[in-house]
Structures are given as C-alpha cells and as structure tokens.
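Engineer:
Number of protein chains: 4
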Amino acid sequence: MIAFLGPEGTFSQAAALAVAGPDAELTGYASVTLAIDALRAREVDGAVVPLENSVEGAVPATLDELAGPASPLVIAAETFLPVVFDLLVRPGTAMAGIATIATHPHAEAQVRRYLLTELPGREVALLGSTAGGAQAVANGEYDAAVAPAIAGELYGLQTLAHDIADAHGAVTRFVLLRQPAPPAAPTGNDRTTLVTYLAEDHAGALLEILTEFGARGINLTRIESRPTKGRIGDYCFSIDCEGHIADARVGDAVAALHRVCADVRYLGSYARGDGRVAPIDPRRSDRSFSDAADWLARIRDTGVA
Amino acid sequence: MIAFLGPEGTFSQAAALAVAGPDAELTGYASVTLAIDALRAREVDGAVVPLENSVEGAVPATLDELAGPASPLVIAAETFLPVVFDLLVRPGTAMAGIATIATHPHAEAQVRRYLLTELPGREVALLGSTAGGAQAVANGEYDAAVAPAIAGELYGLQTLAHDIADAHGAVTRFVLLRQPAPPAAPTGNDRTTLVTYLAEDHAGALLEILTEFGARGINLTRIESRPTKGRIGDYCFSIDCEGHIADARVGDAVAALHRVCADVRYLGSYARGDGRVAPIDPRRSDRSFSDAADWLARIRDTGVA
Amino acid sequence: MIAFLGPEGTFSQAAALAVAGPDAELTGYASVTLAIDALRAREVDGAVVPLENSVEGAVPATLDELAGPASPLVIAAETFLPVVFDLLVRPGTAMAGIATIATHPHAEAQVRRYLLTELPGREVALLGSTAGGAQAVANGEYDAAVAPAIAGELYGLQTLAHDIADAHGAVTRFVLLRQPAPPAAPTGNDRTTLVTYLAEDHAGALLEILTEFGARGINLTRIESRPTKGRIGDYCFSIDCEGHIADARVGDAVAALHRVCADVRYLGSYARGDGRVAPIDPRRSDRSFSDAADWLARIRDTGVA
Amino acid sequence: MIAFLGPEGTFSQAAALAVAGPDAELTGYASVTLAIDALRAREVDGAVVPLENSVEGAVPATLDELAGPASPLVIAAETFLPVVFDLLVRPGTAMAGIATIATHPHAEAQVRRYLLTELPGREVALLGSTAGGAQAVANGEYDAAVAPAIAGELYGLQTLAHDIADAHGAVTRFVLLRQPAPPAAPTGNDRTTLVTYLAEDHAGALLEILTEFGARGINLTRIESRPTKGRIGDYCFSIDCEGHIADARVGDAVAALHRVCADVRYLGSYARGDGRVAPIDPRRSDRSFSDAADWLARIRDTGVA
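As given, the protein sequences belong to chains A, B, C and D, one line each in that order. Take 31 as the starting number for the first sequence in our numbering and just add one per residue. Take 31 as the starting number for the second sequence in our numbering and just add one per residue. Take 31 as the starting number for the third sequence in our numbering and just add one per residue. Take 31 as the starting number for the fourth sequence in our numbering and just add one per residue.
So, in structure tokens, the structure goes:
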C-alpha cells in the first residue's frame, strides 16, 4: 500500500502510479505530513510526495520531514510530472460568474499573475489539495478551482481555461519514500540525496563540502541551505548529487563528508528520472578507484607499487 | 508609504514598524506579490515582506519576485522577529468546540504536529494571512485561528493556547524592499544579497562561485539553488553573504562572479539585523585591498614595488 | 654592455647574442654571482644567466640572487637554447689517452652516466664554465673537456664524441636581467616571474596561493619551494605563470597574493620564449575584467547594474 | 654496509653515522650517482645522500635518481646536520698566501660572498667533495680548502677562519636510501616523499594535486616542479608531505593522486628528523577514517547508518 497526497485527481496520484507501477494499491492522505506519518507508523509501505517544483522550488514539508529528528526514511525512486493547471468550473459558469476560487497554495503561486490579470479581486481560498478544490467547486462551495484536468473529470467540472500557469512547462519532482533498506543496484545514471550538518560556521565550511564532491568529479543537481529548526543561521545543506552510494566516487565523497561535517544523513540512491545522463570521468570510475586501492595496498605491504 | 502583508495584526505589520520606524505610514496588501507589485508601480515607497523563516526556510514568492525578470528591486534593510503563534477563539469557545481552524500556510506548517495531536481531524482552512484567519474567526466563519496574539487583541479573540509552534523560538526574517538606489554606507556589520545564474552545468560550477567568496574570507549566511522557471536542473543560486558591496573584498568577489557567471543580480547591502558580528580577516580589509592596489600600480609603472 | 657567463665559447654567450641581439656588446664574467653583481653595481646594463635546465632543473645561484635581500632586479627577456655537449680533446688524443676530464658541474650532471660507462674511473675536475674546461684542455691541464662544440672551435680542439648527454634534447632557459624598469608592453603570449613568501605554515598556504591563480585561469609553468636561507621548512615559492603583469587577470592575481602572503617579489613580465601559446579564457580577458569593474561601479553608485 | 659520499671527513659521513647508527659499517663513494648505483647493484644495503640544503635547496642529483626511470628506491630515514664551513690551510699558511682554493660546488655556493670579499680573485677549484678538497690541500695541490672542521682534523689542516658561510645556521638534510621494503611503523610524526607526474598541462593541474592534500589536512613541507628530462614545461612534482603512508589520511590522499595523475611514485615514509611536530586534525585521524568507512559500509548494506 502506497500513500499519496489525496484525494484522487491530484498530480500526486498520477505520480504515485508512475513511480509505484499501475498495479500499486494507493491510499490518499490529506497532507505530506500525514502521508509520511503513515509510512513511519508502517501503515503503508511507501509514500509518494512532491520534493521540488520547477517553479516554486523545494517543498519544505517534505525536505524537513526527511532532514528532521524523526526516524529515518529513504528515497527509493523519483519521477517528474509536467504540471498543467486548468481553471475548472461547474458546467455553465462563465468568467463573469466567478467570485470565489479554490486551490492549493503551490498551485496558487503558479497561477498568481493569471488570476491577478484575468480575475482580479476575486477571493482565493487555499485548500489542502487542488483536487480538494475541484471537489469543493462540485459541492457548490466555490465558483472555480485551479487544478489539473483529471480532477475536473473526476468531479464533473468543465475547463474554462486550459494551462493557465504563469510559467508554462512547469514540472514537479515526486519521490517514493520507504523505510531504510539497501538501495537498488546502480543503473549507471543515478542520483543520491543527502543532508549535511555543519560542524562550525566558518568561511569555507560549504566550500569544504563542495570540494569533496568537486575533487571526485561529482556534480550537484540541487543544494539548499536549510535552517536546523533553531536560530536562523544554523544551517544544514540539503543536497542532490549525481551517482549512487554504491559508486566508488560517491561513497568516497560521502565518507569524506562524514569526517568533516557534524553529521551527514543519507536519504537514498535511485535511478535518475529526469532523462539527463551525466558522463563519468574515467579518472573517477569504479575501476580507477579499485586500481588505486590495490596500488596503495601494494605500497603499504611492500614499499613499491 | 510602506506596503506590508496585511491585514493589520500580522507579524508583517510588526516587522514593518520595526524596519521602517514607528512613524512610517503603512498600507496592507493581501499577498507578497501584490505588495511588491505596488512597489514596482511606485504606488508605495517600500515593501516589507518575509524572506525566510527559521522553521520553513525561504519564502519562494519573495525570492522569485527578486530573482525574476521583472524590474529590479533591492533590499534596503532587514529585521528578525520572533514568531509566536497562539490558538485564538471567540470568547467562550473551548477545545471541544473547535471543528474548523483558519490560518496561513506558513503558520500551518509550523503548528502541524500540534494540530495533529491536540485537534486531530479538524478541518484546516489556509488563508492569505494569519490575521485574516483571526478576522474570519471573529466573523464566525471558523471556530479557531492560529495567529499572533496581536491579531487576537485586534479582533477581540481569546488565547486558548499560547505559543503552540512545534519548534519554539522560531524567527522570521523580514526585508524592506525599495527601488534601486545607492546602498546606505557600510556599518561594519552588513549583509549583501545576490542571485547568480550559472553559465554551464559542470561539476564545480558552484565550487567556482564559492571559491570567489572563500578566497576573500567572506562567509555565506544563506545559499539556495533555485530553478530558473524552466526545466528542473537549470539553477540559479540565491545567496546572502557577509559584508557590504562598498567593502573592497565584497565588491571584488562580486566583480569576479560577474566574470565567471552567466549573470549576477545584486539585491542590496544593508545592516545585519540578527545581532551576529562577523570579524574581518585583516588580510581582507579595505586597507589590505588598497595597499595591494597601490603596490600593483607601482610595479606596473616602474617594475618595482 | 651585457654581462654573460664567460669565457667565450659557452652556451651563455650564444644565449646572450640570442636575447640581446647580434650587435650587443658582451662582457664575460666568471660566475652567475659576479655577472649579477656587475649588474647591481651598474657596470653593465644587463646580465644573461641560466635560470633552469630541462635536465638539471633550476639554477640555484640565479634563483637565490633574484629572491634574496639584495637590490631588486627584473627579468626582461628569456630564450631557450638546445644544450649539446661534445667530448673535446686536443687533436690526436684517443679515448684510451684520456685520464682527466674538465667540465662545469651542470654539464657533469648531464653526462654522468656517459662518463661512468665510457670513461669509468677517470678524474673529473669541476670548473667554473664548460668553455673554461676547453681552454684548460687546450693548455694541456686536462686531457678532455665536456663542452659545447663552439668551445672546441674557439680553442682548437677536436670532437671525439658528439652529443654525449645522457638525456638528448636538453634545453637551457636563459634570462636577461636588468635594473627594475616598466615592463615591455604585453605581446599576448607572455610570462611573469614572482617569488611569494608565506605568512604562516599551515596546511593549505600553498593551496591558497594556487587558488588565486586557478580562479583566474592562469597556468603556472614552474613552481619551486625555496628555503628562505634560514631553517629548512621556512619556504618561499619561486613561480613562473602565464601572462603579463599588465594583463588584468595577472595583475589581479598578483595583488591578491600581496594580500594573503607575507611578501611578494615581482621579477618581471616578458615575451614567452619557448614557442608555446596559451589561449586565454574569454571569461578572464582584459575586456571581461573591465566590464566587471564598470558593472560594479554602476551598482555601487546607483544600486543597479 | 652503507654507502656515503666519501671520502672520510665529509658531512655525509657524519650524517651516515647519525642515521645508520654508530656501529654501521660505512663505505665512501665519489659521487651521489655512484653511491646510488652501488645500492641499486646491491653492493651496499643503504646509501646516505644529501636531499636538500637550507641554503642551496634541493640536490638535483639525488632527486633525479629517485624520480627517474631506474629501479625504484625508497627513503628509510632522514637526518638534519648543521653545516659549518671553515677555511682550512696547511699549518703556517696565512690569508696572503692563498692563491688557490678547493671545495665542492655546493659549499662554494654557500661561501661565495665570503670568498669574493675576503679572497677576491683567487682561483676556486670545484671538486667532488669538500673532504677531497681538504685532502688535496694536505697534498699541496691547493692552498686552502672550504670544508667542515672534521676534514681539517683528518688531514692535519688548520682552521684559518671558522664558520665562513654567507648565511649562518645552514642545515643539510640527508636521507638513507634502501631497496623498497615495507616502511617502518608510523611514529606519529612522520614524513612521506612522492613524485607526481601530471596527466595534462591545464590551469589547475597542480591545484588539483594540492587540493587532495589540503582537503585531508595534510601539510606539504617541500614541493618542486622538476622537468621530466624532456622539453622544459613537462613537469613532475617532487613532494614531501607530513604523515606516513600507513596513516589513513595520507594513504587516502596518495590513492586519490593515483587516480588523477598520470603516475605517482612513492619514495618512502619515515620518522621526521627536523624536530617539528605537526598536530593532526581530529577530523583527519585514523579513527575518523575508520568511523567513516564503517558508517559508509552500514549505509551501503542497510540503507541507514
């Protein structure tokens, strides 16, 4: 059983089907927090939640659940879904008839300029999900919903305007969270997610961290300083890097971080889902690492390579 | 006239008074976007908006308005406000009588576990501001609001539970935005905000950026990769660093970034508001820079120092 | 008048003609030290001395005269000469008749294995110059000299074996030293020589120095730690880098070194003499530097670029 | 049997006694090359040769024998000897009676200014060792020798002037070379010697090498670019660093160099002989490395630390 951010008709459901397979049994939860709680309580086997959006950036609720003090979880897979929002109404409603609009805060952020221009002055209610907004429109609580088309179909609404996001081509990255387990074998095109906690606040602490990646030819694909729930300025870094924890260069870099950081939390290695392929410098291949280790062992044993 | 995130009774109003002075004329706007729009339209002289929160992290709406393609604005000042949320009700309401709760999404994120524990299963409505939630409770639309105590006083509500945030001691950083203007003179303890856009996606692009700061002894106090509104993976970095653009070391570092990055946007230098003092390495003082420049000029002119 | 490492018939004389022009008046001195002393005493206008050899490495006498506490001199030009040593004898002498061999220590180092193999057990006298060895053979003091063919011609000797160096293709780099003066204009393919004295002995002091070059895309073509005439371990670094002190990226790097090092001594910028061309990263061109400086000035003046 | 740079009475003999113990059997050779050849031919068990001098810098003959293509040798121990040169004459000779002076080229370099000032214009013969100079004076071939006092005692000479070096306090570092063998166990205050050959000539190749040391908190105590016996500009780097190949941080750095360099030659780990103690950053201790390796193994096996 896989948790997703319900109700039915959200992008999260489509993502859950994409990442967990069309036969997966799904169950909706009202928030990221509740879905993750269900996973931690072992009521479900996995939880599909949004991690970042190409317009809005990271999803704090997800990042902070992963980085926080509660029991560890890992990312087992990722998928990227295009995000297309429609303006949905009950059949017969025209633009002029819209006084109230319901949607989710992240959706609202992505259609903000459209609403200011096309529907200025209307009341916008922020609900827990876009599908919930569509449902509320079907129930007559609001006049229009900003939601994916699938939600309109589910609740018998009509599309009054299609793809209304201020920035077209938005994509949301969803991840499948699981209880910690050995990661799937490397595919050759993987991603690894980490949180690093800084030992001290000195010029160059972050530089030190990045040097460990750079010296091993490992690209970062996302980095964010995150407050550690204390005073602003006490940061950790949430990091995605190319490669798999089983890759020699990644394991070596992560072990180095463990030495120089106050703490490092491993959040999973999984096949990259964005269709990008990162070539590996031959000087940083597994073969290069094992050759160097063998060479060092010979020198330590005999004094000569 | 200074815009703030209205209505009255929000932290944003308190922040606006703190940063713009007790005599400033304030005017409330319903969202960060509207407040910034008013500044861009020159309807107001400044806008006080939240930039980051010690629990939730950066405020995407603010960051993206500053980094985006619209006309440039700069940060002229910052202030840090403790964030204390109360559970506010109409006089006479008890816990058992609460079926619906209204608050702002950022506040909801900070009291999420409290609500799950103490008020499980209640409907939570996400509104545009916490004060708006208090007002709606006063109007009888909801049973309880999660909002600062000042909002309760303003709308005649009672505190049923005080300081209910999951993490106590939360702080929000507010900034005063203005039209671009020469920055105030350095105070000796300043902060500078930038956005850097990467020329290419290679291992070490970020390392290159950080090296320019590290080599000049400049600490970063915040860094976030932000999507540039296109495909996920095309990032810019939103950066706060210690020091003032008029400081030699900061100007030198920022000019170096201009050379190596696709683009750099300067977002202001202003007195640091968090009470932290960062000592300056004497080797990176203004005096050290002017000595080195004089020395270089002598060598270029005469062949000897 | 240009000093060279006399007597006539040495590589140094050929180098002096190459670097100072065929019409230059030359005067020979018995050692590098004496030639440089003559320049410091303004008895000559320049001194042509060897700086490094592709087999033996740096010439300490030259490096230390340039780095030491005496009055500063600068390198005004460089040239590279192939080094070919012959075994020179008086007409009629055969291999079997050689009991004693005269040469200069640097030449001896380059033919050491040849002598051990072909003339084992012979006495080798180390003199102040290879030409001096040829002269001494002509005088009957020794049986054979290891010296350039030109010395054999000058002193009436015969070549018994040609090009006897252990490593063929050796090259010596000679430099023309002068009193400090404004360097010649950049040619677009120049070299700059420096000595940097370290402020402290910490892991990364050298890394710090190299970062200033690397961050500006400047290749080093030679680096050597040199004792500062005190306890071993108190080092300075003798450095050659690509580019000219008048180039923005080089001047900027050198000024940065002045800030982070205990001391920096500039030893000249001059046209590169080894026929190698180093392309300049457009991000580090003079244009890129002046654009960045203009951009910074606009921001400091107006708050916007 | 241990080879040293004979004849008796040289600093090299004193160094050989210091490093090989007072009971070691010693045998003198006429040059560094011959002593090392004897070791390679297994005629001796070790060879004590000078590696660097606090005034003159590295000894090229030694460095190049170690870095070159011949069969590998390793440094098994080092010792530092103060270098004090006296002006030695046959009893009865006065300053005015000195027309010719004999010494070794390295000694000549260290007393050059003294001779120019006190004995200007005298002929200086450069021989294979300072003791050989003393012997030649005793034999009547020259009038004075520049050599250590011990050589004067051995050959019945008198000290006419004591400690005549231009820079007082000079020290020479001697090393005991042996056939490759497992290094002695770490003492906690060791040094490791390496030669690294660069894969390519790009801005930052050396920076890359130094980063591997710097990122592991390892100080370099000597670095020299050396020509690889080909065209000037094709360099290798001769490096001394703190620590022992058996230390986790050193082995890890050296293995990293093996991955990024064209070649790395290990030249031994041995107790540091200069009396300096380098504290080890606890983040780079063996314990820190084994903790990190264990932590990584747990993550790879189970997905959680």
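Positions of the beta carbon are idealized from the N, C-alpha and C atoms, including for glycine. Quick caveat: nothing in here was measured; it's all calculated off a predicted structure.
Taking a Cβ distance cut-off of 8 Å, strictly less, list which residues of the stretch 229-254 of chain D are near chain C, in chain order.
Structural biologist: The residues in question are 231, 232, 233, 234, 236, 237, 240, 241, 243, 244, 247, 248, 249, 250, 251, 252, 253, 254.
Engineer: Suppose only complete runs of 4+ residues qualify. What are the alpha helix (DSSP H) ranges in the stretch 153-226 of chain A, listed by chain order?
Structural biologist: Within the stretch 153-226 of chain A, the complete alpha helix (DSSP H) runs of at least 4 residues are 160-168, 179-185.
Engineer: Measure the Cβ-Cβ separation of residue 226 of chain D and residue 299 of chain D and say whether it is below 8 Å.
Structural biologist: Cβ atoms of residue 226 of chain D and residue 299 of chain D: not closer than 8 Å.
Engineer: Kindly identify the DSSP beta-bridge partner or partners of residue 236 of chain A.
Structural biologist: The partner list for residue 236 of chain A (beta bridge, DSSP) is empty, contrary to what the question assumes.
Engineer: Measuring straight from C-alpha to C-alpha, what distance separates residue 335 of chain C and residue 319 of chain B?
Structural biologist: Using only the alpha carbons, I get a separation of about 23 Å.
Engineer: In whole angstroms, what is the alpha-carbon distance linking residue 212 of chain C and residue 235 of chain C?
Structural biologist: Residue 212 of chain C and residue 235 of chain C: Cα-Cα distance of roughly 30 Å.
Engineer: Have a look at residue 210 of chain C and residue 290 of chain B and give me their C-alpha separation to the nearest angstrom.
Structural biologist: Each residue's Cα considered, the two are about 34 Å apart.
Engineer: From this set, A:317, A:84, A:92, A:37, which residue's C-alpha is nearest residue 268 of chain A's C-alpha?
Structural biologist: Considering only alpha carbons, the answer is A:92.
Engineer: Name, please, each residue of chain B whose Cβ falls closer than 8 Å to the Cβ of residue 288 of chain C.
Structural biologist: Residues of chain B passing the Cβ test: 321, 322, 325, 326.
Engineer: Identify the contact partners of residue 74 of chain D in chain A, using a Cβ-Cβ distance below 9 Å as the criterion.
Structural biologist: Near residue 74 of chain D there are no residues of chain A at all, since even the closest Cβ is about 17 Å away, more than 9 Å.
Engineer: Does residue 156 of chain C come within less than 8 Å of chain D when only Cβ atoms are used?
Structural biologist: Yes - at least one Cβ of chain D is within 8 Å of the one on residue 156 of chain C.
Engineer: If the criterion is Cβ atoms closer than 8 Å, does the pair residue 20 of chain C and residue 32 of chain C meet it?
Structural biologist: Only positions 31 to 335 of chain C appear in this structure, which leaves residue 20 of chain C out of reach.
Engineer: Run through DSSP, which three-state label would residue 305 of chain A get?
Structural biologist: In the structure shown, residue 305 of chain A sits in coil (DSSP, three-state: anything other than H, G, I, E or B).
Engineer: At 7 Å on the CB atoms, spell out the chain B contacts of residue 331 of chain C, in chain order.
Structural biologist: Going along chain B in sequence order, the residues near residue 331 of chain C (Cβ under 7 Å) are 212.
Engineer: Sorted by chain position, which residues of the same chain lie with C-beta nearer than 6 Å to residue 180 of chain B's C-beta, five sequence neighbours on each side aside?
Structural biologist: Closer than 6 Å at Cβ, skipping near neighbours: 39.
Engineer: Among B:246, B:119, B:57, B:321, which has the Cα closest to the Cα of residue 185 of chain B?
Structural biologist: Residue 185 of chain B has its Cα closest to that of B:119, out of B:246, B:119, B:57, B:321.
Engineer: Any beta carbon of chain D sitting closer than 8 Å to that of residue 102 of chain A?
Structural biologist: Yes - at least one Cβ of chain D is within 8 Å of the one on residue 102 of chain A.
Engineer: Determine the closest residue to residue 220 of chain A out of A:250, A:136, A:193, with distance taken between C-alpha atoms.
Structural biologist: Looking at the Cα atoms, A:250 is the closest of the given residues.
Engineer: Flag this pair as yes or no: are the beta carbons of residue 66 of chain B and residue 297 of chain B separated by less than 8 Å?
Structural biologist: Going by C-beta atoms, residue 66 of chain B is not nearer than 8 Å to residue 297 of chain B.
Engineer: Identify the continuous beta strand (DSSP E) that holds residue 123 of chain B and give its terminal residues.
Structural biologist: From DSSP, residue 123 of chain B is part of no beta strand (DSSP E); its letter is neither H nor E.
Engineer: Residues of chain A with CB closer than 9 Å to the CB of residue 63 of chain B, please, in chain order.
Structural biologist: Simply 139, 142, 143, 146.
Engineer: Buried or exposed, going by whether 16 or more other CB atoms sit within 10 Å of the CB of residue 202 of chain A?
Structural biologist: By the neighbour-count rule (16 or more Cβ atoms within 10 Å), residue 202 of chain A is buried.
Engineer: Does residue 302 of chain C come within less than 8 Å of chain B when only Cβ atoms are used?
Structural biologist: Cβ-Cβ to chain B under 8 Å: no for residue 302 of chain C.
Engineer: Mapping the DSSP letters down to three states, classify residue 312 of chain B as helix, strand or coil.
Structural biologist: The answer is helix: DSSP assigns residue 312 of chain B an H, G or I state.
Engineer: Buried or exposed for residue 309 of chain C, going by 16 or more other Cβ atoms inside 10 Å?
Structural biologist: When all chains shown are included, residue 309 of chain C counts as exposed.
Engineer: Starting from residue 269 of chain D, find everything on chain A with Cβ-Cβ shorter than 8 Å and list it in chain order.
Structural biologist: Ordered by position in chain A, no residue passes the 8 Å Cβ test against residue 269 of chain D, which lies about 15 Å from the chain.
Engineer: Can you name the start and end residues of the alpha helix (DSSP H) that residue 143 of chain A belongs to?
Structural biologist: Counting along the chain, the alpha helix (DSSP H) containing residue 143 of chain A begins and ends at 135-148.
Engineer: Between the Cα of residue 134 of chain A and the Cα atoms of A:199, A:125, A:62, which residue gives the shortest distance?
Structural biologist: It is A:62 whose Cα lies nearest to the Cα of residue 134 of chain A.
Engineer: Less than 8 Å between CB atoms is the rule here; does residue 281 of chain B satisfy it with respect to chain G?
Structural biologist: In summary, chain G is missing from the structure at hand, where the protein chains are A, B, C and D.
Engineer: Taking the DSSP output, what are the residues bridged to residue 105 of chain C?
Structural biologist: In DSSP, residue 105 of chain C forms a bridge with C:207.
Engineer: On the criterion of 16 or more Cβ atoms from any shown chain inside 10 Å, does residue 116 of chain C qualify as buried, or is it exposed?
Structural biologist: Buried, because 16 or more other Cβ atoms sit within 10 Å of the Cβ of residue 116 of chain C.
Engineer: Could you give the residue range of the alpha helix (DSSP H) that holds residue 92 of chain D?
Structural biologist: That run of the alpha helix (DSSP H) goes 90-97.
Engineer: Is the stretch 128-142 of chain C touching the stretch 191-198 of chain C in the sense that three or more CB pairs, one from each, lie closer than 8 Å?
Structural biologist: Cβ pair count under 8 Å is three or more, so yes.
Engineer: Is it buried or exposed for residue 147 of chain D, if we count other Cβ within 10 angstroms and need 16 for buried?
Structural biologist: Exposed: under 16 other Cβ atoms inside 10 Å.
Engineer: Do we get a CB-CB distance below 8 Å when we pair residue 66 of chain A with the residues of chain D?
Structural biologist: False, the Cβ-Cβ gap to chain D never drops below 8 Å.
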